[in-house]
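Participant: Numbering (my numbering), first residue to last: 42 to 487.
Supplied in structure tokens, the structure appears directly below.
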Amino acid sequence: MSVYDVAIVGAGPGGLYTAICAAKKGLKVVLIEKRKDISKLTRYCSEHIILEEMYNGDTITVDVGAKLNSKGEVPQGTKNIIKSTNFGWEVEYVGPLCPVRDKYYYSAKLEHNAHYAWPDRHPFAWKYDKAGLLQQLLNQVLALGVEYIPETTCYEARDSGKSEGLLLKCVSKGKRFQMQAKKLVEASGASAQVAQSLGMNEDRIYFASALTRAYYMSGVKGYNPAEWCGYWGLCYGSNFAPLMGTGPAGHYDWADVILIGHPAQMPGELFEHFTKKSPVAYMFENAKIEREHSCATKAYAPMKVPYKGNVLAIGDAAAFVETQMQGALNCGFWAADALEKELDGKPGFDEYTKTWQETFEFNDDGMMQVQSGYALIPYYTDEQVVYLFSLLDGVTMDGSWSQYASPRMMWKEIHKHDERIQQERPDVWEKIVNQQGKTLSDSMSQ
Ligand SMILES: Cc1cc2nc3c(=O)[nH]c(=O)nc-3n(C[C@H](O)[C@H](O)[C@H](O)COP(=O)(O)OP(=O)(O)OC[C@H]3O[C@@H](n4cnc5c(N)ncnc54)[C@H](O)[C@@H]3O)c2cc1C
42 MSVYDVAIVG AGPGGLYTAI CAAKKGLKVV LIEKRKDISK LTRYCSEHII LEEMYNGDTI
102 TVDVGAKLNS KGEVPQGTKN IIKSTNFGWE VEYVGPLCPV RDKYYYSAKL EHNAHYAWPD
162 RHPFAWKYDK AGLLQQLLNQ VLALGVEYIP ETTCYEARDS GKSEGLLLKC VSKGKRFQMQ
222 AKKLVEASGA SAQVAQSLGM NEDRIYFASA LTRAYYMSGV KGYNPAEWCG YWGLCYGSNF
282 APLMGTGPAG HYDWADVILI GHPAQMPGEL FEHFTKKSPV AYMFENAKIE REHSCATKAY
342 APMKVPYKGN VLAIGDAAAF VETQMQGALN CGFWAADALE KELDGKPGFD EYTKTWQETF
402 EFNDDGMMQV QSGYALIPYY TDEQVVYLFS LLDGVTMDGS WSQYASPRMM WKEIHKHDER
462 IQQERPDVWE KIVNQQGKTL SDSMSQ
């Protein structure tokens, strides 16, 4: 049985980029992927490159290879370069881009909104073609001579210690087989199946699960591909704000309508309410569902130390919810360095751990304190949400995508009116004060 320097489980952005960077360092790499064709997305992703400064500990820029066309999009076939400002890597992406310039969080009844945009409306995110990028990364992997094994699930790993390396148990089209490697990179995404088999998930606190369903829809009235919108209020039918963003590559004229539920509140029922009974129902009178996607997510506390023995867990496999594509690329980039050092007898995984902890905001215990924005519904009544959002009238906050920064920015603006809230709305003030000590798991379990 041939022994690889590195086996990587999962050909998402994290695993693919680890394979590229490790192969460029001369390591003998095998990449195992359960899907047949990674150029078709099977797990929903909203597919944005997030340009926010220091988002997930890095500032990503895109050198766009062409001018926007008459529809305001970068056309198909354009050669663009995605760049990491902090870590220095560059990834070529050939494909379309659609700019996101405005974010609106609407209050109940659509009466007020929180608006995020830069004064000159430069984009704070680009909608891109994730499947196209994954295929392009895979082409590089293959060109570098990495052994790629698709349609294969690695369901278990056994780590026999530092020098002996690992045994990987795999199954492909019903046939079981084993492989050997000196080091393993667990890049299997949020399922973290291999980490699970090694007991690496044991100390992670489980918070909650969410079921997401996304509907790409044509003919949505008032839809603007350059906007990302959220709708806060029980009148929209859900505790998690329904979202509306840009449609998929090739169809930026379609809206992406995203509903997040759970087994007792299925996304399909939420969709029915949102599009037929909520204040935005008028937008869907002549709309048509073109495509549907779904995914399940589980929120676990992140792995503070994402390695054990010869195994390094990267990207979503070690994260609290998502590292995003760009964060997973960062992990792949650092992982290759760490692997090279470890194989040379140096503490590469310790160095990786330090960078992992310093880079991702979710590794900060303070972040695990509730994100106030998430806790708006059903903690505040719809009428109270309308009141809170009315305090944002006339304000445009900086262009922000971040699920961590945006609520903080919104609450900073609201807190400028603390005296007024205490006088006008003691009921709202009491809730704000009580909310300070809430934990994330409290808010998600409501
Ligand atoms: C609703 C939603 C919206 C999102 N929107 C965005 C967005 O706008 N922008 C953004 O950048 N990110 C977004 N993300 C997050 C993004 O999808 C992930 O953070 C990113 O893809 C993580 O990359 P990864 O390489 O760690 O894992 P993944 O991309 O999940 O890749 C894991 C790979 O491992 C394979 N695999 C799994 N188990 C095994 C196994 N046992 N054996 C072999 N192969 C296996 C899977 O098939 C998959 O190909 C979103 C996620 C969700 C849930």
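Built from N, CA and C at the ideal position, the CB exists for glycine as well.
Enumerate in chain order the residues of its own chain whose CB-to-CB distance from residue 138 is below 6 Å, with the five nearest sequence positions on each side excluded.
Facilitator: Here residue 138 is taken as the residue at index 97 of the sequence shown, counted from 1. 115, 167 and 169.
Participant: In chain order, which beta strand (DSSP E) runs of at least 3 residues are fully inside the stretch 102–178?
Facilitator: 120–125, 131–135, 139–141, 143–147, 154–157 and 166–168
Participant: Let me check one thing: in DSSP terms, what residues is residue 207 bridge-paired to?
Facilitator: Indexing the sequence shown from 1 puts residue 207 at position 166. Bridge partners of residue 207 according to DSSP: 200 and 222.
Participant: Do residue 200 and residue 352 come within 9 Å of each other at the CB atom, strictly closer than that value?
Facilitator: Translated into the one-based positions of the sequence shown, residue 352 becomes position 311. Translated into the one-based positions of the sequence shown, residue 200 becomes position 159. Result yes, Cβ atoms of residue 352 and residue 200 sit closer than 9 Å.
Participant: So, at 8 Å on beta carbons, what are the nonlocal neighbours of residue 240 in its own chain, with the 5 sequence-adjacent residues on each side left out?
Facilitator: Along the sequence shown, read from residue 1 onward, the residue named residue 240 stands at position 199. The residues are 349.
Participant: Rounded to the nearest angstrom, what separates residue 340 and residue 373 at their Cα positions?
Facilitator: The sequence position of residue 340 within the sequence shown is 299, counting from 1. The sequence position of residue 373 within the sequence shown is 332, counting from 1. Per the coordinates, the alpha-carbon of residue 340 lies some 22 Å from the alpha-carbon of residue 373.
Participant: Do you know how far the Cα of residue 255 is from the Cα of residue 232?
Facilitator: Working through the sequence shown from its first residue, we reach residue 232 at position 191. Working through the sequence shown from its first residue, we reach residue 255 at position 214. Straight across, the Cα-Cα distance linking residue 232 with residue 255 is about 20 Å.
Participant: So, at 6 Å on beta carbons, what are the nonlocal neighbours of residue 80 in its own chain, with the 5 sequence-adjacent residues on each side left out?
Facilitator: Here residue 80 refers to the residue found at position 39 when the sequence shown is read from its first residue. Counting only Cβ-Cβ distances below 6 Å, and skipping sequence neighbours, we find 172 and 176.
Participant: Suppose contacts are defined by Cβ-Cβ distances below 9 Å. Is residue 297 in contact with residue 87 by that definition?
Facilitator: Translated into the one-based positions of the sequence shown, residue 297 becomes position 256. Translated into the one-based positions of the sequence shown, residue 87 becomes position 46. Yes. Within cutoff.
Participant: What beta strand (DSSP E) runs, 3 residues minimum, are completely inside the stretch 413–483?
Facilitator: none
Participant: Roughly how many whole angstroms lie between the Cα atoms of residue 187 and residue 53?
Facilitator: Start at 1 with the first residue of the sequence shown, and residue 187 comes out as number 146. Start at 1 with the first residue of the sequence shown, and residue 53 comes out as number 12. Rounded to the nearest whole angstrom, the C-alpha separation of residue 187 and residue 53 is 15 Å.
Participant: Along the alpha helix (DSSP H) that carries residue 238, what are the first and last residues, could you check?
Facilitator: In the sequence shown, counting from the first residue as 1, residue 238 sits at position 197. It spans 234–238 - the alpha helix (DSSP H) in which residue 238 sits, taken as one unbroken run.
Participant: Tell me the rounded alpha-carbon separation between residue 140 and residue 106.
Facilitator: The residue given as residue 140 occupies position 99 in the sequence shown. The residue given as residue 106 occupies position 65 in the sequence shown. Distance between the alpha carbons of residue 140 and residue 106 is about 14 Å.
Participant: For the stretch 345–375, list the beta strand (DSSP E) runs that are entirely contained and at least 3 residues long, ordered along the chain.
Facilitator: Listed in chain order, they are 352–354.
Participant: Using 8 Å as the cut-off, classify the Cβ of residue 78 as near or not near the heavy atoms of ligand 1, replying yes or no.
Facilitator: Here the question's residue 78 lines up with position 37 in the sequence shown. Outside the cutoff, so no.
Participant: Can you tell me the Cα-Cα spacing of residue 469 and residue 290, whole angstroms?
Facilitator: What you label residue 469 is simply residue 428 of the sequence shown in a count that begins at 1. What you label residue 290 is simply residue 249 of the sequence shown in a count that begins at 1. Here the alpha carbons of residue 290 and residue 469 stand approximately 43 Å from one another.
Participant: Assuming residue 370 contacts residue 85 (C-beta within less than 8 Å), just tell me the rounded distance between them.
Facilitator: On the sequence shown, position 329 is the one that residue 370 refers to. On the sequence shown, position 44 is the one that residue 85 refers to. The pair is not a contact, with the Cβ atoms about 20 Å apart (cut-off 8 Å).
Participant: Quick one: what's residue 269 bridged to in DSSP?
Facilitator: Working through the sequence shown from its first residue, we reach residue 269 at position 228. Answer by DSSP bridge pairing, in chain order: 144.
Participant: Which same chain residues end up closer than 6 Å to residue 403 when comparing Cβ atoms and leaving out the 5 residues on each side of it in sequence?
Facilitator: Against the sequence shown, residue 403 aligns to sequence position 362. Excluding sequence neighbours, residue 403 sits near 343 and 361.
Participant: What is the DSSP secondary structure of residue 411, reduced to helix, strand or coil?
Facilitator: Reading the sequence shown from its first residue, position 370 is the one you call residue 411. At residue 411, the pLDDT of 47 sits below 50, so the modelled position is not reliable; the number obtained from the coordinates is stated separately. Here residue 411 sits in coil by DSSP.
Participant: Just to confirm the assignment, what range does the alpha helix (DSSP H) spanning residue 313 have?
Facilitator: Indexing the sequence shown from 1 puts residue 313 at position 272. Its alpha helix (DSSP H) spans residues 308–317.
Participant: Going by Cα to Cα distance, which pick from 111, 426, 452 and 428 is closest to residue 438?
Facilitator: Working through the sequence shown from its first residue, we reach residue 438 at position 397. Nearest C-alpha to residue 438: 452.
Participant: With H, G and I counted as helix, E and B as strand and the rest as coil, what does DSSP make of residue 285?
Facilitator: Counted from its first residue, the sequence shown places residue 285 at position 244. The answer is strand: DSSP assigns residue 285 an E or B state.
Participant: Using the Cα positions of residue 213 and residue 150, report the straight-line distance between them to the nearest angstrom.
Facilitator: As a first step, residue 213 is located in the sequence shown; it is residue number 172 there, counting from the start. As a first step, residue 150 is located in the sequence shown; it is residue number 109 there, counting from the start. Each residue's Cα considered, the two are about 52 Å apart.
Participant: Span of the beta strand (DSSP E) holding residue 488?
Facilitator: Because the chain is modelled from 42 through 487, residue 488 falls outside the range shown and cannot be assessed.
Participant: Using a threshold of 9 Å, state whether the C-beta atoms of residue 101 and residue 83 are closer than that.
Facilitator: One-based indexing of the sequence shown puts residue 101 at position 60. One-based indexing of the sequence shown puts residue 83 at position 42. No. Outside cutoff.
Participant: Assuming residue 56 is part of the alpha helix (DSSP H), what are its boundary residues?
Facilitator: Residue 56 sits at position 15 when you count from the first residue of the sequence shown. Run containing residue 56: 54–65, per the alpha helix (DSSP H) assignment.
Participant: Once you ignore the five residues that flank residue 132 on each side, which residues in its own chain have a CB closer than 6 Å to its CB?
Facilitator: The residue labelled residue 132 in the question sits at position 91 within the sequence shown. Here the set comprises 123.
Participant: Measure the C-alpha to C-alpha separation of residue 310 and residue 391 and round it to an integer number of angstroms.
Facilitator: Here residue 310 refers to the residue found at position 269 of the sequence shown. Here residue 391 refers to the residue found at position 350 of the sequence shown. Approximately 46 Å between the Cα atoms of the pair.
Participant: Classify residue 258 as helix, strand or coil using the three-state DSSP reduction.
Facilitator: Locating residue 258 in the sequence shown gives position 217, counting from the first residue. Note: residue 258 maps to strand in three-state DSSP.
Participant: To the nearest angstrom, how far is the alpha carbon of residue 189 from that of residue 70?
Facilitator: In the sequence shown, the residue the question calls residue 189 occupies position 148. In the sequence shown, the residue the question calls residue 70 occupies position 29. Going by the C-alpha atoms only, they are around 9 Å apart.
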